[in-house]
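*Asks:* Residue numbering for the sequence shown follows the numbering used here, beginning at 1 and increasing consecutively. My structure is below; once you've seen it, I'll send some questions.
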Amino acid sequence: MEHGASSVVGVDISHKMLEVAKEKTHFPQVEYKCCAIEDVEFPEESFDVILSSLAFHYVADYEILVKKIYRILKSGGKLVFTVEHPVFTAYGTQDWHYNEKGEILHFPVDNYYYEGKRTAVFLGEKVTKYHRTLTTYLNTLLSNGFIINHIVEPQPPEYMMDIPGMQDEMRRPMMLIVSANKKVDR
């Protein structure tokens, strides 16, 4: 709304997350839907922009989701999403390997090319995530009519390097940001 949108739809599978969103936004033009993103239904070409923050790695069938997004985006519409980086999701545990003194040795990357279900612990709870390679994330977009604009593997800024543990965040990518547009109809 602050950037000129006439309407916004927020979708999340968690009632709690939607309640937090409602508390933080005070625009009557925002509609909230509680459902899985892969189950949401909208008419064709409903949206100019679709943003997704750290959700696609919870979806079992990424290609079906991409096809659905393509269908509901307007011609030339933009998709921007973040996911946990495939290097981060490959092994499954999403934790460092430590020595007997508790010091970080390395971050394990194993089974990278074996895509599929992984179990991790997030905020003390077991969660199911779906690992995909970088190739799968990007080529699925390309083969379904998207043009990729930007790919970012964010890293901590220099001013944060004195924060304990932040130097270790430079040892492996944790997040991936992708920006793509639906091809313009001619």
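Backbone N, C-alpha and C fix where the C-beta goes; we use that ideal spot for every residue, glycine too.
Going by beta carbon distance, what residues of the same chain come within less than 8 Å of D168, once the five residues before and after it are set aside?
*Replies:* So the qualifying residues of the chain are W96, I104.
*Asks:* Determine the direct distance from the alpha carbon of E100 to that of S6, and round the result to whole angstroms.
*Replies:* Their backbone Cα atoms lie some 56 Å apart in a straight line.
*Asks:* Rounded C-beta distance between V184 and G76? I'm assuming under 8 Å.
*Replies:* 4 Å between Cβ atoms; contact.
*Asks:* On the three-state DSSP scale, how would you describe Y130?
*Replies:* Here Y130 sits in strand by DSSP.
*Asks:* Let's see if you can read the secondary structure: which residues bound the beta strand (DSSP E) around Y32?
*Replies:* 30–34 is the span of the beta strand (DSSP E), which, as asked, contains Y32.
*Asks:* Grouping DSSP H, G and I as helix and E and B as strand, with all else coil, what is I148?
*Replies:* The answer is strand: DSSP assigns I148 an E or B state.
*Asks:* Let me know the secondary structure DSSP gives E125 once reduced to three states.
*Replies:* If DSSP states are grouped into helix, strand and coil, E125 belongs with the strands.
*Asks:* Looking at the structure shown, is S179 part of a helix, part of a strand, or coil, going by DSSP?
*Replies:* Looking at S179 - three-state DSSP - the assignment turns out to be strand.
*Asks:* Quick one: give me the first and last residue of the beta strand (DSSP E) that H106 is part of.
*Replies:* Counting along the chain, the beta strand (DSSP E) containing H106 begins and ends at 104–106.
*Asks:* Along the alpha helix (DSSP H) that carries F88, what are the first and last residues, could you check?
*Replies:* Here the alpha helix (DSSP H) through F88 covers 86–89.
*Asks:* Assign Y70 to buried or exposed, taking buried as 16 or more other Cβ atoms, counted over all protein chains shown, within 10 Å of its Cβ.
*Replies:* Looking at its Cβ environment, which holds 16 or more other Cβ atoms inside 10 Å, Y70 is buried.
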